[in-house]
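See structure below.
Protein chains in written order, with my numbering: chain G, 137 to 531; chain A, 1193 to 1458.
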């Protein structure tokens, strides 16, 4: 596959008027290589996970190049942020990566806390860690279910959503919402852990590990799954770093880098966990890495529940939040990669500028490099393995 | 000429020796608690007795400046970043000062200053985060150098901020991260309305979409970009939404009418 194949041509999508790529004199050896075909995939396509439009340039069934068209879900979150107070903007960030809304809120609250030079009390930090890790599991479950469904395995979808329900129930009991939780506030948490919170988390952890084995039983050695994912969409570490790809995609390429370890935030320095890495950087490795990440999340939740300290859950934060003039960049390890917030304060009650560095947006850029030379069906697998959420890509 | 002997074992970061930016702030959690009434910056420095309630913020911020940074002393032309406001305003209760940017001294800054001199306008840390302010003319050179010589191999983000009242209307900000040093640096430059910037796509591939977004949202043009067009807004849209003179309810009515067939999208 790829450049060695006869008939392979480099093709830049944006330059549709070029004809010099056409090598008209030499006869092409490939079977049925008449012309290239431009195929439009999406925006309304079940396997693009939302409203992503990919324009594929094909030679037969081989992908010569892609171009992503995004922005269908653009709501101007950053502009909204400039027109809301710090506290009012907090619920909006949940709507970016809506399958991992707790992580979004955590990143935003922490960034504003840094700007205020405030730190959440220990108990709040532990509650935050528990909910964020639960959210990471929930996000990975959505990923696994939909990704497997795209490739043709229907059962994992039901298994994953069945087990995700338990997490959503904990969210609902904790803060009243299942999806867009708005669980945290600037300075800590507003809700105390409800009666039985610890037991619920423990119960979930105990029940979830066997379920995780069930997922693996269905897929890890499944011949079809392995054939569809091994060696597909390889991204080596150098490309990952050049493309700014983070999260499980980077770790599957063998780079042992996780912001929870590299630059610990919240209470993560208190916990013992491994950073799983892959070897080949292909779709199969990314699957294994995410599965292992769920196990590690369970480990973190258990430690956090056991060590949950007593004390206040809210730091002393003024009612009207007016951070001093300054700029801050703060990022956390969201389920999809590095989620960063760059906030500029002019000393007023509203941020002067909020910039969100979304992991999905940056990771999606790697799609072109990953699918060149593969088949159309693999594009679906690669989009799934990148684990994008279009609400976050477009913001 | 500094030819990096500084990184003898450039092993990719395990998770060793993490810089913990938060650790220094533990004791001052409630320091800015009472700063609710007026913006804290630019406040008078007059009340010595009031500052007792503030447990030594600036020192704490200085401590945050990364562990084991050898303090090279190239402090030529180093000036405190924020001018100390000296105007005595008659406030009923003087507020605690916000944290101030601290000068940032390091080998890296020393090397850059020795080569580029006054092109490095400012090197500071704010709340433990390091940033450089550069002349836009040497921006590309420095970025290239940061990537190749100083091993800042990961471009986290490129973004801009619009200040319509300033002569140089835009801040352009590059957030860089080094896997080798586990260190993050922001590079900032001020550019004028119609000033073009050289593209960073040749340095980091990830700059492609990030620059497209900056172009889309602010209208800053990057020369040499392979495919500079709108990314989030539709092609043919008029205006750049994240500029401050673009109100939140404004939209390109003509585009809406032609493409959506309705009078207004509101």
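Beta carbons are placed, not taken as given, at the ideal position from N, Cα and C, and that holds for glycine.
Here the C-alpha atom of residue 212(G) lies approximately 8 Å from the C-alpha atom of residue 1433(A). As computed with DSSP, residue 1373(A) is found in no beta bridge at all. In this structure, the alpha-carbon of residue 348(G) lies about 18 Å from that of residue 521(G).
Of all residues in the segment 457-476 of chain G, only 457, 458, 459, 460, 461, 462, 463, 464, 465, 466, 467, 474, 476 come within less than 9 Å of chain A when Cβ atoms are compared, listed by chain position. With fewer than 16 neighbouring CB atoms inside 10 Å of its own CB, residue 335(G) falls in the exposed class.
Chain G has no Cβ within less than 8 Å of the Cβ of residue 1444(A). One alpha carbon belongs to residue 235(G), the other to residue 320(G), and they sit about 16 Å apart. In the DSSP assignment, no residue is bridged to residue 1443(A).
The three-state secondary structure of residue 277(G), taken from DSSP, is helix. Under the Cβ distance rule, residue 210(G) counts among the residues neighbouring chain A, one pair being separated by less than 8 Å. Under the Cβ criterion (8 Å, minimum of three pairs), the segment 1406-1414 of chain A does not count as touching the segment 1319-1339 of chain A.
By the beta-carbon neighbour count (other beta carbons within 10 angstroms, threshold 16), residue 462(G) is buried. Taking CB atoms only, residue 1346(A) has a neighbour in chain G less than 8 Å away. Across the segment 1340-1371 of chain A, CB contacts with chain G closer than 9 Å involve 1345, 1346, 1347, 1348, 1349, 1351, 1352, 1353, 1354, 1355, 1363, 1365, 1367, 1369, 1371, in sequence order along the chain. Residue pairing of residue 202(G) in beta bridges, as defined by DSSP: 192(G).
Around the beta carbon of residue 484(G), a 10 Å sphere encloses fewer than 16 other beta carbons of the protein chains shown; the residue is thus reported as exposed. Closest by C-alpha distance to residue 323(G), out of 512(G), 184(G), 448(G), 505(G), is 448(G). Against chain A, the CB of residue 493(G) has a partner CB under 8 Å away; the residue lies at that interface. When the beta-carbon positions are compared, residue 1360(A) and residue 1384(A) come within less than 8 Å of each other. Secondary structure at residue 1301(A): helix, using DSSP grouped into helix, strand and coil. Looking at the backbone, the Cα of residue 172(G) and that of residue 517(G) are separated by about 22 Å. If the five residues before and after residue 1367(A) are omitted, its C-beta is found closer than 6 Å to the C-beta atoms of 1348, 1349, 1378, all from its own chain and listed in chain order. Annotated three-state conformation of residue 309(G) is helix, per DSSP. Beyond the five residues adjoining it in sequence on each side, residue 1436(A) comes within less than 8 Å, by CB distance, of 1354, 1355, 1356 in the same chain, given in chain order. Spanning the alpha carbons of residue 305(G) and residue 419(G) requires a straight line of approximately 31 Å. Under the Cβ criterion of 8 Å, residue 489(G) is counted among the residues facing chain A. Within the segment 1381-1399 of chain A, the residues whose Cβ lies closer than 8 Å to any Cβ of chain G are, in chain order, 1396, 1397, 1398. For the set 1293(A), 1376(A), 1291(A), the Cα lying nearest the Cα of residue 467(G) is the one of 1376(A). At a Cβ-Cβ threshold of 8 Å, residue 1352(A) and residue 1412(A) count as neighbours. For the pair residue 317(G) and residue 237(G), the CB atoms are nearer than the 8 Å cut-off. Along the segment 210-228 of chain G, going in chain order, the ones with a CB nearer than 9 Å to a CB of chain A are 210, 212, 214, 215, 216, 218, 219. Taking 8 Å as the cut-off, the Cβ atoms of residue 1330(A) and residue 1308(A) count as close. By the C-beta criterion, the segment 219-230 of chain G is judged not to be in contact with the segment 433-449 of chain G, since fewer than 3 inter-stretch pairs fall below 8 Å. Residue 401(G) and residue 246(G) do touch by the CB rule: their CB atoms are close to 6 Å apart, below 8 Å.
Closer than 8 Å to the CB of residue 371(G) there is not a single CB belonging to chain A.
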